[in-house]
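**Q** Here it is, the structure, as structure tokens.
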Amino acid sequence: MDRTRIAAPFAIALVAAAALVTTGAAQTGQAADAPGVLLSRQLMERRQLHVGDLVRLSADPSGGRPQSFRILGVYEPTADPMRFAQPALEVRLHLPDLLALKRDPSQPAASDTVSAINVALVNPADADGFARDVSARLPGTTAASTMAPNDRTSTFVVIERFHLAIAIVTMIGSAVFLLALMIMMVDERRETVGTLRLIGFTRRRILLQVLAEGALIAVAGTTFGILFSFASQGAFNRFFQWRYDTSLVFLRITPGVVAQSILLAVPLGIVASLAASWALLRRGALALIRR
Amino acid sequence: MLRALHFAWRNSVRQPGRTCLGVLGVAAVGALLFDMLLLSHGLVLSFRDLLDRAGFDVRVLATDAAPLSGPRIVDAEAAVAAIARLPQVEAAVPVSIRNAEIVSQSEGARPIRVQFLGADPNARPMWTVIDGRDLSAGASAGSPLLVNRALAARLGVAPGSTVSLRGSCGPGSAALPQMRFAIVGVAEFPFDDAAAETVAGPISSLAGLCGDEPGSSVDMLLVRSNPKDGSESAAAAIRARLRGLHVVTNGELVERFSRVEFSYFRQISFVLATVTMFFGFLLIAVLLTASVNERLGEIAALRAVGLSRGRVVAGVLFESMMMVGAGAILAVPVGLALSVWLDGILRALPGIPTDVHFFVFESRALVSYAWLLGAASVGAALYPMRIVATLPIAATLRREVVG
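This is how it looks when you write it as structure tokens:
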């Protein structure tokens, strides 16, 4: 769904309050009617809290004017690739509770401010026009389509470009490795090829045989590589999910990735076997069997 | 040993094509390994250098939230005075960073949003003036203002021009009055990214722009410790004096960023370095094993005529070391060139200061690189060395003759 986000510069950050949990001990009898909050799993574990505990939150860095809340539940924060390295110490409050917590008696106007308003449009195609309209009519606000490119998207474009560059270098290394292996493999059969030539096999026929063999090896190697990557992706993801305590998926083998690997690896294998064989077949039959 | 080395050399040059491919393969793998070692610490080194260049080694914040993302320090003037009185401190400078809009005179034009850095004009600046003069010289009309190069180019302004700004500092910003500033210079700000549009002015002007009482609240206090006491001692003294504030040295800040924000690149470099090491090990092991297997008859004959087992085994080891050594030497310039390319890609990340690099050369990386490849060359030679060491001379020669 295409949405538009309107952000006012005077933000009340939902997460700002989350960093200010001041106590986790259950306090029976106190604030029986305390409003409910949800805490992220990471925060619950960090502070050894339990559902039903009372916590005091404060919007003041010094812990002043705290308010009591009761933990109603635990949630797993939506994995955010932009913040995966930071522990997700978060609290979810009802908006009126958050506004009340942030209320500054010296700035009553500030009590009625929010950081962003998400708008679902009847016609998602109007998002850009709607955003322009809002920006013009409400000075001091920024409105943008959620589909508009921003820092988040450009970050992943850059990371993808970096990974592609690494893949290219790895491919070059693999190609050299493959060529060396194929040359050795073909060289080992020098005498066999010489004998075949002497009994009447043409260069073309031997080359076709080598081509078929090269294709078979390339397909087998590619299949093994893809199966290995499928088998190892779980371990890779589990390691990074454990390392960063997140549910984010770091590695996913998609059909596109599989197709890309096949399109690169199979022709590369065939070309390497052909190049290695051609170097051998150029020589005369007698030269091949000479020891 | 020299004889074994000579034996290895002759074996290597006898099949130049194969040896060259082996060296090229090691060079490709080595270049990637070298780059991953540069990446593993590059960002941290670069970030530390950036922090140190600002000339302050301790930062004081309201909370342990990341700088400029948490609450502000209240009663800043008193805090600055208390810190400045400490014998371990040479200077303390309050800094505020807020958003502002450059108001255009033309009808219907959208205001340009900039980051306004407010600092004490008489303190040592955190920026480098590249055109005009610094804030300390003042301005004849209006408050003095420095702009960065990107903004100067966008607005088409130069020292001597004037601009109107409106603060964008929180609730009720739309009602804040415009203020006129005189541009006194163009400066480079160390933490600017390529797209940043930054201005700097006196902290009192920023307070006026946001309708704050001067000296009431700031984002951060930058502290320069007394050289003879050092940053740790100054930080401890500030913590003891101002218990409510969060004090962090440059070293601690770098350590925190290295552990949290920059850890992805450390992890990815570790994974890729491990993969490339394994790949290089495999390449050399396969090449050497195949080479030795091809020459079993010849090796058996050499053993039969009196060549010692140790010399033949050492020959295989030296052959591996020669191939890896040549590839490793070739990989260093290739890796350096590659790192420039990869660094250029990563520096396009939004929010990365223009002076920060992901791949930074340090001698430690070169030493680690040499050790890792040396270990790979020895490890890869173990299996072919075992083949040569346990070779049955008579049986091999017989097989060779009968075959």
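As they're listed, the protein sequences go chains A and B.
Under our numbering, read the first sequence as residues 247 to 537, first letter to last.
Under our numbering, read the second sequence as residues 30 to 432, first letter to last.
For each residue, glycine too, the CB sits at the ideal point set by N, CA and C.
It should be emphasised that the depicted structure is a prediction, and the values quoted were computed from it without experimental measurement.
(1) Report yes or no: do three or more beta-carbon pairs, one from the segment 264 to 276 of chain B and one from the segment 115 to 128 of chain B, lie closer than 8 Å?
(2) In this structure, how does DSSP classify Asp-374/A when only helix, strand and coil are distinguished?
(3) Please classify Ala-110/B: is it buried, with 16 or more other beta-carbons within 10 angstroms of its beta-carbon, or exposed?
(4) Any C-beta of chain A sitting closer than 8 Å to the C-beta of Arg-47/B?
(5) Can you tell me where the alpha helix (DSSP H) holding His-35/B begins and where it ends?
(6) Compute the distance between the beta-carbons of Leu-79/B and Ser-298/B, then report whether it is under 8 Å.
(7) Report yes or no: is there a C-beta of chain B within less than 8 Å of the C-beta of Met-328/A?
(8) Can you give the Cα-Cα distance for Phe-300/A and Phe-315/A, rounded to whole angstroms?
(9) Mapping DSSP to helix, strand and coil, what is Ile-126/B?
(10) DSSP state of Asn-369/A, grouped into three classes?
(11) State the start and end residues of the unbroken beta strand (DSSP E) segment that holds Leu-212/B.
(12) What does the alpha-carbon distance come out to for the pair Asp-163/B and Phe-402/A?
(13) Do Ile-212/B and Pro-188/B have their C-beta atoms closer together than 8 Å?
(14) For Leu-250/B, count neighbouring C-beta atoms within 10 Å of its own C-beta (all shown protein chains included) and say buried if the count is 16 or more, exposed if not.
(15) Going by the CB atoms, is the gap between Gly-51/B and Arg-316/B shorter than 8 Å?
(16) Need the endpoints of the alpha helix (DSSP H) that Gln-144/B sits in, please.
(17) Please compile the residues from chain B whose C-beta is within a distance smaller than 8 Å of the C-beta of Thr-468/A.
(18) What does Ser-400/A touch in chain B if you count any residue whose Cβ is under 9 Å from its own?
(19) In chain order, which alpha helix (DSSP H) runs of at least 4 residues are fully inside the segment 227 to 260 of chain B?
(20) Give a yes or no on whether 8 Å exceeds the smallest Cβ distance from Phe-423/A to chain E.
(21) Answer yes or no: does any C-beta atom of chain B fall closer than 8 Å to that of Leu-497/A?
(22) If you draw a straight line from the alpha carbon of Asp-279/A to that of Asn-177/B, how long is it in whole angstroms?
(23) Let me know if Thr-469/A comes out buried or exposed under the rule of 16 or more other beta-carbons within 10 Å of its beta-carbon.
(24) Strictly under 8 Å for the Cβ-Cβ distance: is Ile-429/A near chain B by that measure?
(25) Alpha carbon to alpha carbon, how far is Val-334/B from Arg-415/B? Give it in angstroms, no decimals.
(26) Please check if any C-beta of chain A sits within less than 8 Å of the C-beta of Ile-374/B.
(27) Would you grab the beta carbon distance between Gly-129/B and Leu-238/B for me? Rounded to a whole angstrom, and I think it's under 8 Å.
(28) On the CB-based measure, 16 or more other CB atoms within 10 Å of its CB, does Thr-448/A come out buried or exposed?
(29) Could you tell me whether any Cβ in chain B is nearer than 8 Å to the Cβ of Thr-416/A?
(30) What three-state label does DSSP hand Val-276/B in the structure shown?
(31) Examine chain A for any beta-carbon lying closer than 8 Å to the beta-carbon of Gly-281/B, and answer yes or no.
(32) Step through the CB atoms of chain A and report whether any lies within less than 8 Å of the CB of Ala-51/B.
(33) Just to confirm before moving on: does the CB-CB distance between Arg-329/A and Leu-284/A stay below 8 Å?
(34) Pull up the distance between the alpha-carbon of Asp-350/A and that of Val-132/B, whole angstroms please.
(35) Select from Asp-93/B, Ala-236/B and Gly-380/B the residue whose C-alpha is nearest the C-alpha of Pro-206/B.
(36) Can you have a look at Glu-226/B and say buried or exposed, based on whether 16 or more other CB atoms are within 10 angstroms of its CB?
**A** Judging by the given coordinates:
(1) With the cut-off at 8 Å, the segment 264 to 276 of chain B and the segment 115 to 128 of chain B touch.
(2) As a first step, residue 374/A is located in the first sequence; it is residue number 128 there, counting from the start. Here Asp-374/A sits in helix by DSSP.
(3) As a working mapping, residue 110/B is identified with position 81 in the second sequence. Exposed: under 16 other Cβ atoms inside 10 Å.
(4) Counting from one through the second sequence, the residue named residue 47/B turns up at place 18. At least one CB of chain A lies nearer than 8 Å to the CB of Arg-47/B.
(5) If you number the second sequence from 1, residue 35/B lands on position 6. Per DSSP, His-35/B belongs to the alpha helix (DSSP H) from 31 to 43.
(6) Against the second sequence, residue 79/B aligns to sequence position 50. Against the second sequence, residue 298/B aligns to sequence position 269. For Leu-79/B and Ser-298/B, no; Cβs fall outside 8 Å.
(7) Walking along the first sequence from the start, residue 328/A turns up at place 82. With 8 Å as the cut-off, Met-328/A does not count as an interface residue toward chain B.
(8) Translated into the one-based positions of the first sequence, residue 300/A becomes position 54. Translated into the one-based positions of the first sequence, residue 315/A becomes position 69. Reading the sequence as shown, one finds Leu at residue 300/A and not Phe. Leu-300/A and Phe-315/A have their C-alpha atoms roughly 6 Å apart.
(9) Sequence index remark: in the second sequence, residue 126/B carries index 97 (1-based). The answer is strand: DSSP assigns Ile-126/B an E or B state.
(10) The residue labelled residue 369/A in the question sits at position 123 within the first sequence. Asn-369/A: coil per DSSP, three-state reduction.
(11) Within the second sequence, residue 212/B is the residue found at index 183, counting from 1. A small fix is needed here, since residue 212/B is Ile in this sequence, not Leu. Run containing Ile-212/B: 208 to 217, per the beta strand (DSSP E) assignment.
(12) Here the question's residue 163/B lines up with position 134 in the second sequence. Here the question's residue 402/A lines up with position 156 in the first sequence. So the alpha carbons of these two residues sit roughly 38 Å apart.
(13) The sequence position of residue 212/B within the second sequence is 183, counting from 1. The sequence position of residue 188/B within the second sequence is 159, counting from 1. Closer than 8 Å, so yes.
(14) Translated into positions along the second sequence, residue 250/B becomes position 221. With a threshold of 16 other beta carbon atoms within 10 Å, Leu-250/B meets it and is buried.
(15) Numbered from its first residue, the second sequence carries residue 316/B at position 287. Numbered from its first residue, the second sequence carries residue 51/B at position 22. Checking the sequence shown, residue 316/B turns out to be Leu, not Arg. Yes; because the gap between Cβ atoms is below 8 Å, this pair is in contact.
(16) In the second sequence, the residue the question calls residue 144/B occupies position 115. Where Gln-144/B is concerned, there is no enclosing alpha helix (DSSP H), although the beta strand (DSSP E) it sits in stretches over 141 to 148.
(17) Residue mapping note: residue 468/A aligns to position 222 of the first sequence, counting from 1. Residues of chain B passing the Cβ test: none, with the nearest at roughly 17 Å.
(18) On the first sequence, position 154 is the one that residue 400/A refers to. Result: Ala-377, Leu-378 and Pro-379.
(19) DSSP assignment within the segment 227 to 260 of chain B yields the following whole alpha helix (DSSP H) runs of 4 residues or more, N-terminal first: 232 to 239.
(20) Reference to chain E is not applicable here, since the protein chains of this structure are A and B.
(21) The count along the first sequence starts at 1 and reaches residue 497/A at position 251. Not an interface residue.
(22) Counting from one through the first sequence, the residue named residue 279/A turns up at place 33. Counting from one through the second sequence, the residue named residue 177/B turns up at place 148. Using only the alpha carbons, I get a separation of about 54 Å.
(23) Taking the first residue of the first sequence as 1, we reach residue 469/A at position 223. So Thr-469/A counts as exposed.
(24) Within the first sequence, numbered from 1, the residue matching residue 429/A stands at position 183. It does: the Cβ of Ile-429/A has a partner Cβ on chain B nearer than 8 Å.
(25) As a position in the second sequence, residue 415/B is number 386, starting the count at 1. As a position in the second sequence, residue 334/B is number 305, starting the count at 1. Approximately 20 Å between the Cα atoms of the pair.
(26) As a working note, residue 374/B is residue 345 in the second sequence. For Ile-374/B, the closest Cβ of chain A is nearer than 8 Å.
(27) Here residue 129/B refers to the residue found at position 100 of the second sequence. Here residue 238/B refers to the residue found at position 209 of the second sequence. Strictly speaking, residue 129/B in this sequence is Ala, with Gly absent from that position. A Cβ-Cβ distance of about 6 Å is found for the pair Ala-129/B and Leu-238/B, placing them in contact under the 8 Å criterion.
(28) If you number the first sequence from 1, residue 448/A lands on position 202. Counting Cβ neighbours within 10 Å, Thr-448/A comes out exposed, since fewer than 16 surround it.
(29) Here residue 416/A corresponds to residue number 170 of the first sequence, with the count starting at 1. Answer yes: the Cβ-Cβ gap between Thr-416/A and chain B drops below 8 Å somewhere.
(30) By 1-based counting over the second sequence, the position of residue 276/B is 247. Annotated three-state conformation of Val-276/B is strand, per DSSP.
(31) As a first step, residue 281/B is located in the second sequence; it is residue number 252 there, counting from the start. For the record, residue 281/B in the displayed sequence is Glu; it is not Gly. It does not; no Cβ of chain A falls within 8 Å.
(32) Within the second sequence, numbered from 1, the residue matching residue 51/B stands at position 22. Reading off the sequence, residue 51/B comes out as Gly, not Ala. Residue-level contact check: Gly-51/B touches chain A, since one or more beta carbons of chain A fall below 8 Å from its beta carbon.
(33) Here residue 329/A corresponds to residue number 83 of the first sequence, with the count starting at 1. Here residue 284/A corresponds to residue number 38 of the first sequence, with the count starting at 1. Between Arg-329/A and Leu-284/A, the CB-CB gap reaches or exceeds 8 Å.
(34) Indexing the first sequence from 1 puts residue 350/A at position 104. Indexing the second sequence from 1 puts residue 132/B at position 103. Going by the C-alpha atoms only, they are around 30 Å apart.
(35) For the purposes of this step, residue 206/B is taken as the residue at position 177 of the second sequence. Nearest option by C-alpha distance: Ala-236/B.
(36) Counting from 1 along the second sequence, the entry for residue 226/B is found at position 197. Buried, because 16 or more other Cβ atoms sit within 10 Å of the Cβ of Glu-226/B.
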